[in-house]
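**Q** So that we are looking at the same thing, I have put the structure below in C-alpha cells.
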Amino acid sequence: MRFLFLAEFDKNLRFRCLLCGRCCTGYNGGLKLELYKSDIDFIASKNYKDFYEDKNGIKLMKIKYGMPCPFYENGLCKLKLLYGFFPWNCSVYPLQVVEHSGFFVVRINPAALEECPGLGRGPRLRDTLLRKIISGVVSIKMTSDPRTLPQDIALSLAEVRWSKS
Ligand code: SF4
Ligand code: SF4
C-alpha cells in the first residue's frame, strides 16, 4: 500500500518556532486540538485528568471557545516546559494535512499563514516537519496513532509530489 501526498506550499519555505505562543491561544478564535492515544497516555501519565473530550470518536483537548489551551501558562507550554513533550499535532504545526479521496494535501495551516511569525525563518520545512507529518499520517492510517510506525518505514510507504516547483 502506498500513500500519496501533495505538498501545497513553497518548496523553499522556511520555519522556526519563535515560541510566541500565539497558536496556543487560537489567535483569539476557536482553538481545536485533536489528540491521539499516545498524547493522551503521556499526559495522563503525568496525573492530568479530564483534559480531553470525545466528539464522535475524535479526541479533542478540552478548550473553551476563545480561550487558550489549558496547558498554556505564562506564555509557555507547560507540557514542553516540564516534560519536553508536545502533543503530536502541536509538534507538526504550522503544517496541516487535509485528506481527499485517494490522496492527502499537506499545506500551511491557514491561520498560521496570517499569524505565525516563525514562517520565513529557520530551516526549510521540507527538510524538517514535512517528513514528520507525512510519516505520522501514514502511521495514523496504519495504526491509528502517529508515533507507532518508525519514520523510515512510514516514509517508505509514502510518495510526495509538489504542486509548485
Ligand atoms: S505562532 Fe508560530 S512562532 Fe508562535 S508559537 Fe506558534 S508556531 Fe511558534
Ligand atoms: S499543548 Fe502546549 S503547544 Fe499545544 S496548544 Fe497547548 S500549550 Fe500550545
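Just so it is clear: in the sequence shown, position 69 is 115 by the numbering used here, and no numbers are missing. Glycine is no exception: its CB is placed at the ideal position from the N, C-alpha and C atoms.
Along the chain, where does the alpha helix (DSSP H) that runs through Gly182 open and close?
**A** 175 to 189 is the extent of the alpha helix (DSSP H) around Gly182.
**Q** Taking only runs that begin and end inside the segment 116 to 172, name each unbroken alpha helix (DSSP H) of 4 or more residues, in chain order.
**A** Correct list: 124 to 129, 134 to 138, 156 to 161.
**Q** Is DSSP giving Ile89 helix, strand or coil here?
**A** Ile89 falls in the helix class under three-state DSSP.
**Q** Which residue wins for smallest C-alpha separation from Thr174, given the options Phe97, Leu59, Ile104?
**A** With distances taken between Cα atoms, Thr174 lies closest to Leu59.
**Q** Give me the pocket residues for ligand 1, defined as CB within less than 7 angstroms of any heavy atom, sorted by chain position.
**A** Result: Cys63, Leu64, Leu65, Cys66, Gly67, Arg68, Cys69, Cys70, Tyr139, Pro140, Ala158, Glu161, Cys162, Pro163, Gly164.
**Q** Buried or exposed for Ile104, going by 16 or more other Cβ atoms inside 10 Å?
**A** Exposed, because fewer than 16 other Cβ atoms sit within 10 Å of the Cβ of Ile104.
**Q** Which residues bound the beta strand (DSSP E) around Leu77?
**A** Per DSSP, Leu77 belongs to no beta strand (DSSP E) and is neither H nor E.
**Q** For a test of your reading of the model: does the CB of Met107 fall under 8 angstroms from any non-hydrogen atom of ligand 2? Yes or no.
**A** Yes; taking the cut-off as 8 angstroms, the Cβ of Met107 has a heavy atom of ligand 2 nearer than that.
**Q** Give the straight-line distance between the Cα atoms of Leu127 and Cys66, rounded to the nearest whole angstrom.
**A** Computed Cα separation, rounded: 14 angstroms.
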